[in-house]
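Working notes for the structure below.
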Amino acid sequence: AQTVTQSQPEMSVQEAETVTLSCTYDTSESDYYLFWYKQPPSRQMILVIRQEAYKQQNATENRFSVNFQKAAKSFSLKISDSQLGDAAMYFCAYQPSYTGANSKLTFGKGITLSVRP
Amino acid sequence: EAQVTQNPRYLITVTGKKLTVTCSQNMNHEYMSWYRQDPGLGLRQIYYSMNVEVTDKGDVPEGYKVSRKEKRNFPLILESPSPNQTSLYFCASSLLGAEDTEAFFGQGTRLTVV
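These protein sequence lines are chains X and U, in that order.
Numbered per our numbering, the first sequence spans residues 798 to 914.
Numbered per our numbering, the second sequence spans residues 667 to 780.
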């Protein structure tokens, strides 16, 4: 079974600084998707960024980028120029890519990010 | 607007009183799923459905039922709720097999069982 580990329950960053959130996962599959979701106090699950395992290039979305290390099974999220609105809980998630089976998202425990003004 | 709609957003109920949380999507997605979110545990899958009349258990199905009579609707049923089912629940939907598949989540339902 796949597992996703977020070992840091909380992190804090100064506004305008850069922060990196860590995530490791375990799978025997060679093709899959990885995601970072943001959950603000409104509880809405917001997709931040997505990475396909077959792509070597790290995904980027504006101030958000990932460091995807497939061999190490590591998938960290870097937030540049942190803003107060980035304060939220962040979840790392794994999804298998094969069809005809459960497209379940396996989530880590989440990390609470606070941003200091 | 593409969306997944859950109702109610908040619910307080008593032990043993049957309840249903509704979920509806307007994107013609085949795949729908229910998750529960608990502190320190992340989100865990309860049940999923790959199409109409096709449902199966996820990781934590005990105490829950689902049905998929129509493609757009996927209600979560608690026949006899217990306090350990107090949680935040999310419904999600997505296409199956699409290259750029993305899960769309509902707004969440905060359930308290007393």
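In this text, a Cβ means the ideal position worked out from N, Cα and C, and glycines have one as well.
- What Y697 of chain U touches in chain X, judged by beta-carbon distance under 7 angstroms, is S900, going in chain order.
- The beta carbons of Y891 of chain X and Q799 of chain X sit about 5 angstroms from each other, so the pair counts as a contact at 8 angstroms.
- The Cβ-Cβ distance between E719 of chain U and L762 of chain U does not fall below 8 angstroms.
- Inclusion of F861 of chain X and C820 of chain X in the CB contact set at 8 angstroms is not warranted, their separation being larger than that value.
- For the stretch 713-745 of chain U, the beta-carbon criterion of a distance under 9 angstroms to any beta-carbon of chain X is satisfied by Y714, M716, D722, G724, D725.
- Taking a C-beta distance under 8 angstroms as the contact criterion, S900 of chain X and S760 of chain U qualify as a contact pair.
- Of all residues in the stretch 836-850 of chain X, only Q836, S839, R840, Q841, M842, I843, L844, R847, E849 place a beta-carbon less than 9 angstroms from a beta-carbon of chain U.
- Proximity of S760 of chain U to chain X, defined by a Cβ-Cβ separation below 8 angstroms, is satisfied.
- Using a Cβ-Cβ distance cut-off of 8 angstroms, the stretch 835-847 of chain X and the stretch 873-886 of chain X are in contact, since at least three pairs of beta carbons, one from each stretch, lie closer than that value.
- G708 of chain U and V680 of chain U have their C-alpha atoms spaced approximately 25 angstroms apart.
- Chain order gives the chain X residues near A769 of chain U as L902, where near means a beta carbon separation below 7 angstroms.
- Taking one beta carbon from each stretch, the stretch 715-729 of chain U and the stretch 667-681 of chain U have fewer than 3 pairs nearer than 8 angstroms; the two do not touch.
- For G682 of chain U, the CB contacts under 6 angstroms within the same chain, skipping 5 residues up- and downstream, are S746 in chain order.
- If you draw a straight line from the Cα of V779 of chain U to the Cα of E736 of chain U, it is about 28 angstroms long.
- Fully contained in the stretch 832-856 of chain X are the following beta strand (DSSP E) runs of length 3 or more, in chain order: 843-849.
- DSSP places V670 of chain U in the uninterrupted beta strand (DSSP E) bounded by 670-673.
- Using a CB distance cut-off of 8 angstroms, G905 of chain X counts as an interface residue toward chain U.
- When C-alpha distances from A885 of chain X are compared across X:K867, X:L818, X:S804, the shortest belongs to X:L818.
- Y755 of chain U and T775 of chain U have their C-alpha atoms some 5 angstroms from each other.
- If you keep only unbroken beta strand (DSSP E) runs of at least 3 residues inside the stretch 859-901 of chain X, you get 861-866, 871-876, 885-893.
- Beta-bridge partners of R702 of chain U (DSSP): U:R710, U:Y755.
- What F888 of chain X touches in chain U, judged by beta-carbon distance under 8 angstroms, is G708, L709, going in chain order.
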